[in-house]
Amino acid sequence: MGIIPFFDLANQFKSIEDEIKPAMDEVFQTQQFILGSKVQLLEETIAQYCRTRYAIGVASGSDALLLSLMALGIGTGDEVLLPPFTFFATAGSVSRLGATPVFVDIDPETFNIDPSKIEERITSRTKAIIPVHLFGQCADMNPLLQITKEKKVFIVEDAAQALGAEYKPEVGSEGRKAGQIGDLGCFSFYPTKNLGAFGDAGMVVTDNRDLAEKVRLLRTHGSKPKYFHKWIGINSRLDTIQAAILLVKFKYLEKWTSERQKKAQYYQLLLRDLLPSAKGLKLPMIQYQNRHIFHQYVIRVQERDRLRQFLTEEGIGTDVYYPLPLHLQECYSFLKYRRGDLPHSEKASEEVLALPIYPELTENQQRMVVDRIKAFHWKR
Ligand SMILES: Cc1ncc(COP(=O)(O)O)c(C=O)c1O
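Shown next as structure tokens:
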């Protein structure tokens, strides 16, 4: 049987190569490589897409988080609440500024921060909350907005995996775009993201003019005019060439997203048969009133590592996001969390398995993936 890779960027590139190459060539001809009109156009495009007033292109999703927290003035002595079941950058950005990440457990159904656990962790030092819209589905934002309004705490959305996702608290209510809901929203254009560059790139979105201006300055060492520094910033500029590539790819984003959604529905259908017999198998909980953009399709299963090994041997690529929650990482041992402190995050780390999902994946390939998962379970 054929190999089914976990992601397949080469195939995507083939389909748009004829547009990408001239766009890159245009940049080579102008020899302008940093910021510039392409970056500005991408910023306008993303702001319009996210329905925010401002968007600021930066060097990566990690820097989008760092710069957002810098713009809010977060630093030593401050605390920032966030889930531990996320990519490291969510917490790393807090620590880089000398502030303390305070980990709040997740809702085991959605993998997103559990709003009911937030209030008990807020102290007089809490400056912000970073909800992560994990795998492309929005965290439950309404309770967070309520809490932060009462406690005067900022929200920085880690929407790195969620460009185009929407949050609708109720069926029929007006949806809000990921990144548009909090004070600032952060996106990553890492190559495997739904909208991926040919290297690192990121974006901050916001409706707040002052915060937008501050992020914009902070990404160029806080200088305005050039060589006069209002703030101590960093170098985090978005490359022109990445913007040119992203502008081409953006035209396909909606189509690619709907392809991902179709693949997710098909997995739900195919995997349903297995539910009674596969021990501990859980399919992703899709909140249908929301718009889930399926950056990842993640199942839970017991004996995850053995299943993964079996699938690897059968030529099927999978991945584990994330094998160790952040509160148990070596670099955070000084925070003195122990195993058992955040049980839902810890259990998720032992059980999650991301299956291949990308627009180019065929139904036949999906049937093969599920067929092999069934073979694993039914042979035992
Ligand atoms: C949840 C989350 N936060 C932050 C980041 C950081 O983005 P980047 O890799 O572009 O720095 C990523 C992506 O890798 C992510 O998945």
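Residue numbers (the numbering used here): 1274 to 1653. Glycine included, every Cβ here is placed at the ideal spot set by N, Cα and C. Everything numeric in this text was worked out from a predicted model, so none of it was measured.
Inter-segment contact for the segment 1536-1543 and the segment 1583-1596 is absent: fewer than three beta-carbon pairs are separated by less than 8 angstroms. The Cβ atoms of Arg1492 and Val1367 lie no closer than 8 angstroms to each other. Relative to the non-hydrogen atoms of ligand 1, the Cβ of Leu1547 never comes closer than 7 angstroms to any of them.
DSSP, read as helix, strand or coil, puts Phe1583 in helix. With a cut-off of 7 angstroms, the C-beta of Thr1363 is classified as near ligand 1, since at least one heavy atom of the ligand falls inside that distance. Closest option to Ala1372, judged by alpha-carbon separation, among Ile1589, Thr1399, Leu1628, Pro1357: Thr1399.
Under the 10 Å beta carbon count, Ala1435 is surrounded by 16 or more other beta carbons and is classified as buried. Counting other Cβ atoms within 10 Å of its Cβ, Thr1513 reaches 16 or more and is therefore classed as buried. Here DSSP, grouped into helix, strand and coil, assigns Phe1460 to strand. In the structure shown, Tyr1539 adopts helical secondary structure according to DSSP, grouped into three states. Judged by pairs of C-beta atoms under 8 angstroms, the segment 1376-1389 touches the segment 1401-1411, as three or more such pairs exist. Taking C-beta separations shorter than 8 angstroms and ignoring five residues to either side along the sequence, the partners of His1494 in its chain run His1502, Ile1505, Gly1506, Ile1507, Asn1508, following chain order.
Comparing alpha-carbon positions, the option among Gly1452, Ile1454, Lys1425 lying closest to Val1353 turns out to be Lys1425. Unbroken beta strand (DSSP E) stretches of 3 residues or longer found wholly inside the segment 1398-1477: 1399-1402, 1427-1431, 1457-1461, given in chain order. For Ala1328, the beta-bridge partners assigned by DSSP are Val1478.
Taking a cut-off of 8 angstroms on C-beta distances, the segment 1354-1364 touches the segment 1328-1344, as three or more cross pairs fall below it.
Taken in chain order, the complete alpha helix (DSSP H) segments of 4 or more residues contained in the segment 1612-1651 are 1616-1624, 1636-1651. Closest by C-alpha distance to Glu1316, out of Arg1640, Glu1623, Val1477, is Val1477. Here Tyr1561 is exposed, its C-beta having fewer than 16 other C-beta atoms within 10 Å.
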